[in-house]
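First the structure, in the form of structure tokens, and then the observations on it.
Residue numbers (my numbering), protein chains in the order written: chain H, 2 to 443; chain W, 2 to 443; chain C, 2 to 443; chain F, 2 to 443.
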């Protein structure tokens, strides 16, 4: 985990203290359930909660014990005994280390995903606000980096909004995937711990019961989880790359917010670099890099091996913390993005009307001109404009193959024509209600 | 695509003929919608269907045209004109190539996923049958490759069944992700094609409408799709690795089906190698290899670039065809897996009762022995068994720290103890109904 | 393998006929060596060569046999017997299938890499020619997509040349990695085949002897091989992305070659899209996708399992064929790239002289102005230019903090100043000799 | 970076203090060179070294400044001014941030790789010692996890030794790839800093000069570097998986060292789990996960963007630190591996002589029996042994198709036959000298 790309809220989920607190709660809830079943004394369960509920677990002490016993959960339980006293011997009965570790990981991932869901909401809110703000701000649509036809900046943002809506659904699914509890004993047979204990603890923690845990919660769940995060990271990258493109010197249709104290370059003080979105591009690569090891973690041997553990010690905190950071950064960039509608218009006009070429082509074919002839006429005049030999409209007027009146041609060059269905798109993305509310607020 | 790992049904989806047929249908449905809107003559739409419905598209001819015009959709439309005649000029009005290409890809992926869903059902059926067959077949559970505690072979298979249930849900979600239609024109603004056309075609093809297509259907959908397939591939790998382990010479608890005519090795004729599951392990790697390029495809520039196209020409057919093949092969292996319950029992007994160590530990602590003392006693005697210095039960009887009666100890060594909750697990996985049906059939 | 991204020369290496011919030659060379050692009759070896040397191996017949015996090498040997006659029984003595398969793969990869090395030479030649052509063509250097300082287009290309020089060395190393021969028998002990046979065959095929083959050639070699190809693919991507950027409508400093018959877009006939370099970007992703499965292939079980086989049936042909295609396409794009020096100059001037800001900063500090003060002065005036409030040179002249004479300022705005070390760079990259030759030719 | 998988020596390379010290030295060496060229006063360069050489750079103070100026190198230089005084204004003249950052990274990666090279030497030493110790320890060779033919444990280890020799060469190449220095200014043209400065600093740091740096050192170098590390990680995984297999309960031919105080399982005290090699398997996945983002970092935009930076802040320390830890752990496991030759023999005998089947097959064909007939005879009797219907030798004696005398058959069952070329293999791997020395020491 790279500290500069970590928010405290996200990092805290993975702090040792948090982890030990969750581990304690799992053990203590399990003790309650066992006490109910008469497996251990009710009084013991009570004492455990009383002494442990607000305990400050000493991570260094646990590390010290682990160095001796070379086993993390035994080290933890030994430390619990130091804090809770002899009643601690009733803890963990019939359970196995993974029961605690895997369920703890589930709780941590759920909490991390809750943060991510909040983050996506911030991104969505920013995108929605800016999309409505620029619903009819004309800009050129580009395919292959080449001017194509007019669109609006709001439509661009609406597309990203729709993508982050999907990101939200993917995160919700991902959370669902990993929100399970396993307390099933050494090989998952409930030989020494009753299924009721698992059900009780799951209920207390807001988790589902894992149908079949083979000592561990099966890792296809985690693979699906990290894969979902990777797709979200790619969506961040797409928007970041869009902004980087818009900020290019030659384009300059939008810029990242630039604070007064900020220095663009140690050498070139005039520079305003899209460093936030470049950073998001890099963070997206980092988040995605967890997919492959997560997929490789699935095929554990037999009832489990422990090869996945070191991988998850890395990717679970790193990926969730960096994605949280990236989403927050993205929300802030979108919220405060400096947009230059006048540059958008200037760029749109750059090609001397060529963006209207398709309309001309269509109008010609609708007038009965063969598609090949129409295409050739449009391309011939386009190429002249391209070579700087005149304005598209004038050239078309002068071309005998272009059997359209001046009035017809003028109408074909109207920008508004392209925006007639923007409301349809906005209605699909934001809902008719939001659209009506926005109209009312105008 | 590797022909030896391809079923005809899956490969056909990606054949040029299929592709051109889908492309034609999209164009023809769009023509119908345009005719309804009065944009093109109704008669034209009718003729198009009449002449094109059962046409045999000539892939080589289209390739030939493409070599000249260097544009795949224009090449296709030119060929359609050759078949359909002059009415073809009314096709594709206001549409852009990606409208056809992306919607075609959606149809192909949907069909491919339908096959995959059928395949998973075969895997599930085989797993369920074999799981019930071996519901109470004792076998040792292994963590870290080391004997742990008894479980049943049925429980093992039930775990894989649950995982493939999740695989099925993931495939269903994946299908949902990519089942959208885009007919929105050059930059997705519906400037020259009405949204109704898209809605009509989508309905005809059983697809949803893409909320915002920016010439292309956004590639986060495809990334999510290939990621889902990758997770399924990993689940195949997990079961394949399990079977490979079980077939090891020293373990030999199960074997892949071995046909009479088959030769195990050119050099060592006695060998029966788990080549099918080794092959599945490799195919899983191949299927997974699509995830990274699919994720890299998401951040297309502005309204689109075409870098994703060559990637998808590879991964879309390859991944779905190989996964289809792998699932079928897996279903067949599971269905015909040769299981050796007697070897399972023999292996289970190999450690002289050590698999019962935890029960002894628990019994001692429940008798009030401090956990540390109990642990030391159990470990001490375990180590003796390990070194071949005696049988676990006898050693325990002779140890003064082990304050359990002979009867108590005997009960702790009962195998049935471990299987008391197998029905709970089966109920969770297969449902109480299936469980009852299986009981009734016994 | 995607046919449209395959050259015949590269695809032929992987054709069944080629493969069977190499397999035959390995077996026949081995027979020669065995005959020399007196293990088999010399006459047999002679007959084998006579009848097999120019044989046309029937791939379909071999497939047919394989379907029966389910073993590829046995199927091949059976077919050899059909062609060669009874002497074929002396073939393959003491050898194992992998001896033939892995050595065949080595030969194929060596041949494929030889093609790739030729391809890189074409890319290098094109880059060198164009670099010298544009050695002093001024263009703006961009960091973060933002104008930085002047450079030349030749320097840009020289940087890519240097990168492809490294690519060539990496390919040479990669070839060295996989150019080994293994004929060591069932588990690599030479129990039934003498080491001399391996040495002889290796010599005949131009391969090194594999020091320890454990039935198979160890797969770390292949992982290193595909990793090297992946890095080369990324270098292709970097140059492709550069060209795509240069062709953007707003930049238009260079364009891919555009043939007269080519159609840019079915809808927008004016468009010239950088589809070749976009395609290269996609192909780079495809080639890279082999790295992960190749790395996963390394940890085969014990002396070998066969999970790597299906992976390599895919990635070995696909990766080498597509990389060959990509390098050729790249060489052609570079060779015929349309360069617009006038647009480069226009873009360079776009910022009203801001590209010279650093020189002003340096001059001020060299005159004794504190760095912070100098920085503030330069940034202040830069921002005015940025906001369109004047020309950089005029603003600097008017600023009292800028303690430079008009003459000093004028000199700071000289473009040539930036190119004084271009020859140093060219000398490093192309060698002093090439530099001198180019100068002489001027 | 996961602290529990980090050695101090490796982690220290990436500590802020180390980084700032390297940055200072680069700037101060550059100042020396500039002073020599007369660009800055010699006295200034002297003062800079005097005050800065042993300075303790205050990472927190630098962070504080960076939060304000939002630029890491400017923050560092501001802090240097606080320490060094006004002479610091002569630092960094004509240089750009990346000159410092990239060259610093090169120094760090070189140091990290030097550690890795030492680590590999430890692995090699351990493998060599154990290989010679077990040069003739018989063990069964396994393909597909199935018993194949006899080999020796020493040959197994020799194979891994050869692989780690290659790992060493790959690391040496990787170091060579990234050991370059760039001090070339804003876009790499040496406009404001003379090439001599770069040459001087490179010499002082033991680096080569980067032929063309475009503000940054090109990232194909780093991609090649991390790819090399990934291949090494896979070689670790292969050996780790081998040991995990050998330690399986049913195999138990070797075990990881097990300390007296260590607890194998919280629930099952008898267990000795191969947790070290399982951990190595996981760490290999982590190290490998850097390959994809490193490859994605190559195609920076134009002269550079900064998307690679966040990626490298993660993968550069993480990958080198974890690989260092993994190699050390591996060396220790190999050095102290508990080997059970008697179990190896027991396993070898498990198949009742079937491992000799190939020799019988060969002997038959050498006696003139047709390969198909011989194969059928051997397979027929093998299958009987497999089904427990007798001992292979006895069955062969009784089979009329097996035209071999009893004496001939007995000789075919001699284990020593398989080891006659072990010295050839050892000679190839360790050199004839080491082999002779080992023989002399016996």
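All residues carry an ideal CB built from backbone N, CA and C; glycine is no exception.
> Which ranges does the alpha helix (DSSP H) cover as unbroken runs of at least 4 residues, wholly within the region 179-251 of chain W, from first to last along the chain?
Replying inline: 196-206 and 221-248
> When DSSP labels each residue in this structure, what does residue 97(W) get in the three-state scheme?
Replying inline: For this step, residue 97(W) is matched to residue 96 along the second chain. Coil, per DSSP.
> Beta-carbon of residue 373(W) versus every beta-carbon of chain F: anything under 8 Å?
Replying inline: As a position in the second chain, residue 373(W) is number 372, starting the count at 1. Chain F, which has no Cβ nearer than 8 Å to the Cβ of residue 373(W), makes this no.
> By a C-beta neighbour count over all protein chains shown, 10 Å radius and 16 as the cutoff for buried, is residue 176(C) buried or exposed?
Replying inline: Walking along the third chain from the start, residue 176(C) turns up at place 175. It counts as buried.
> If you count every other CB in all the chains shown that lies within 10 Å of the CB of residue 258(C), and 16 or more means buried, which is it?
Replying inline: What you label residue 258(C) is simply residue 257 of the third chain in a count that begins at 1. Exposed is the call here.
> How many angstroms separate the CA atom of residue 362(W) from the CA atom of residue 375(W)?
Replying inline: Here residue 362(W) refers to the residue found at position 361 when the second chain is read from its first residue. Here residue 375(W) refers to the residue found at position 374 when the second chain is read from its first residue. If I take the Cα positions, the gap works out to 6 Å.
>> Using a Cβ-Cβ cutoff of less than 8 Å, which residues in the same chain neighbour residue 83(W) once the five nearest sequence positions on both sides are dropped?
In response: Reading the second chain from its first residue, position 82 is the one you call residue 83(W). Cβ neighbours of residue 83(W) beyond the five flanking positions: 62.
> Comparing alpha-carbon positions, which option in 134(C), 112(C), 52(C) and 151(C) lies nearest residue 349(C)?
Replying inline: Position 348 of the third chain, counted from the start, is the residue given in the question as residue 349(C). Minimum Cα distance to residue 349(C) is reached at 151(C).
>> Cutting at 8 Å between CB atoms, please list the residues of its own chain near residue 345(C), excluding the five before and the five after it.
In response: If you number the third chain from 1, residue 345(C) lands on position 344. Once the five neighbours on either side are set aside, the close Cβ partners of residue 345(C) are 138, 139, 140, 141, 154 and 254.
> For residue 187(F) versus residue 149(C), is the C-beta distance shorter than 8 Å?
Replying inline: In the fourth chain, the residue the question calls residue 187(F) occupies position 186. In the third chain, the residue the question calls residue 149(C) occupies position 148. For residue 187(F) and residue 149(C), yes; Cβs fall inside 8 Å.
> Using DSSP with H/G/I as helix, E/B as strand and the rest coil, what is residue 381(H)?
Replying inline: Taking the first chain and counting its residues from 1, one reaches residue 381(H) at position 380. Residue 381(H) falls in the helix class under three-state DSSP.
>> At the level of alpha carbons, what is the spacing between residue 3(H) and residue 112(C)?
In response: On the first chain, residue 3(H) is found 2 positions in, with the first residue counted as 1. On the third chain, residue 112(C) is found 111 positions in, with the first residue counted as 1. Roughly 44 Å between the two C-alpha positions.
> Unbroken beta strand (DSSP E) runs of length 3 or more, entirely within the region 40-108 of chain C: which are they?
Replying inline: none
> From residue 98(F) to residue 65(H), what distance separates their C-alpha atoms?
Replying inline: Counting from 1 along the fourth chain, the entry for residue 98(F) is found at position 97. Counting from 1 along the first chain, the entry for residue 65(H) is found at position 64. One C-alpha to the other measures close to 43 Å.
>> Strictly by DSSP, which residues pair up with residue 148(F)?
In response: On the fourth chain, position 147 is the one that residue 148(F) refers to. Residue 148(F) is bridged to 143(F).
> Considering only the beta carbon of each residue, do residue 124(H) and residue 331(H) sit closer than 8 Å?
Replying inline: Numbered from 1 along the first chain, position 123 holds the residue referred to as residue 124(H). Numbered from 1 along the first chain, position 330 holds the residue referred to as residue 331(H). Result yes, Cβ atoms of residue 124(H) and residue 331(H) sit closer than 8 Å.
> For residue 144(C) and chain F, any beta-carbon pair shorter than 8 Å?
Replying inline: Taking the third chain and counting its residues from 1, the one referred to as residue 144(C) is at position 143. Taking Cβ atoms only, chain F reaches closer than 8 Å to residue 144(C), which makes this a yes.
>> Below 7 Å on C-beta distance, what does residue 171(F) contact in chain H?
In response: Within the fourth chain, residue 171(F) is the residue found at index 170, counting from 1. Those do not exist, as residue 171(F) stays about 20 Å from chain H at its closest Cβ, beyond 7 Å.
>> Residues of chain H with CB closer than 7 Å to the CB of residue 284(F), please, in chain order.
In response: Within the fourth chain, residue 284(F) is the residue found at index 283, counting from 1. The contacting residues are 311.
>> Taking the straight line between their C-alpha atoms, what separation do you get for residue 233(C) and residue 10(C)?
In response: As a first step, residue 233(C) is located in the third chain; it is residue number 232 there, counting from the start. As a first step, residue 10(C) is located in the third chain; it is residue number 9 there, counting from the start. If I take the Cα positions, the gap works out to 20 Å.
>> Within 8 Å of any Cβ in chain H, is that where the Cβ of residue 120(W) sits?
In response: For the purposes of this step, residue 120(W) is taken as residue 119 along the second chain, with counting starting at 1. Not one chain H Cβ lies under 8 Å of residue 120(W).
>> Taking only three categories from DSSP, how would you classify residue 299(C)?
In response: Stepping through the third chain from its first residue, residue 299(C) is reached at position 298. DSSP places residue 299(C) in coil when its eight states are reduced to three.
>> Tell me which residue opens and which closes the alpha helix (DSSP H) that residue 370(C) is part of.
In response: For the purposes of this step, residue 370(C) is identified with residue 369 of the third chain, where counting begins at 1. Premise fails: residue 370(C) is in no alpha helix (DSSP H) and is neither H nor E.
>> Tell me the rounded alpha-carbon separation between residue 202(C) and residue 46(C).
In response: Indexing the third chain from 1 puts residue 202(C) at position 201. Indexing the third chain from 1 puts residue 46(C) at position 45. When rounded, the distance between both Cα atoms is 14 Å.
> What residue from 218(F), 337(F), 294(F) and 75(F) has the CA that sits closest to residue 277(F)'s CA?
Replying inline: Mapped onto the fourth chain, residue 277(F) falls at position 276. Residue 277(F) has its Cα closest to that of 337(F), out of 218(F), 337(F), 294(F) and 75(F).
>> For residue 346(F), would you say it is in contact with chain W, using Cβ-to-Cβ distances shorter than 8 Å as the test?
In response: Counting from 1 along the fourth chain, the entry for residue 346(F) is found at position 345. False, the Cβ-Cβ gap to chain W never drops below 8 Å.
> In chain order, what residues of the same chain lie with their CB nearer than 7 Å to the CB of residue 77(F), ignoring the 5 residues before and after it?
Replying inline: Position 76 of the fourth chain holds residue 77(F). The answer, listed in chain order, is 21, 24 and 63.
> So is residue 397(C) buried or exposed if we call it buried at 16+ other beta carbons inside 10 Å?
Replying inline: Within the third chain, the letter at position 396 stands for residue 397(C). Residue 397(C) should be labelled buried.
> If you measure from the beta carbon of residue 268(H) to each beta carbon in chain C, is any gap under 8 Å?
Replying inline: In the first chain, the residue the question calls residue 268(H) occupies position 267. Below a pLDDT of 50, predicted positions are generally treated as unreliable, and residue 268(H), at 48, falls in that range; the measurement from the model is reported next regardless. Yes, residue 268(H) lies at the interface with chain C (some Cβ there is under 8 Å from its Cβ).
>> Using a Cβ-Cβ cutoff of 8 Å, what residues of the region 288-304 of chain W are near chain F? List them in chain order.
In response: 293 and 297
> For residue 226(F) and chain H, any beta-carbon pair shorter than 8 Å?
Replying inline: Start at 1 with the first residue of the fourth chain, and residue 226(F) comes out as number 225. So, not an interface residue.
>> Which residue wins for smallest C-alpha separation from residue 73(W), given the options 55(W), 49(W), 206(W) and 100(W)?
In response: Stepping through the second chain from its first residue, residue 73(W) is reached at position 72. Among 55(W), 49(W), 206(W) and 100(W), the Cα nearest to that of residue 73(W) belongs to 100(W).
> Which stretch, first to last residue, makes up the alpha helix (DSSP H) that contains residue 403(C)?
Replying inline: Here the question's residue 403(C) lines up with position 402 in the third chain. No alpha helix (DSSP H) holds residue 403(C); DSSP gives it neither H nor E.
> Taking the DSSP output, what are the residues bridged to residue 446(H)?
Replying inline: Residue 446(H) falls outside the range modelled here, since chain H spans only 2 to 443, and no answer is possible.
> Across which residues does DSSP place residue 438(W) in a beta bridge pair?
Replying inline: The residue you call residue 438(W) lines up with position 437 of the second chain. None; residue 438(W) has no bridge partner.
>> Could you check whether the Cβ of residue 279(H) sits closer than 8 Å to any Cβ belonging to chain F?
In response: Working through the first chain from its first residue, we reach residue 279(H) at position 278. Yes, its Cβ sits closer than 8 Å to a Cβ of chain F.
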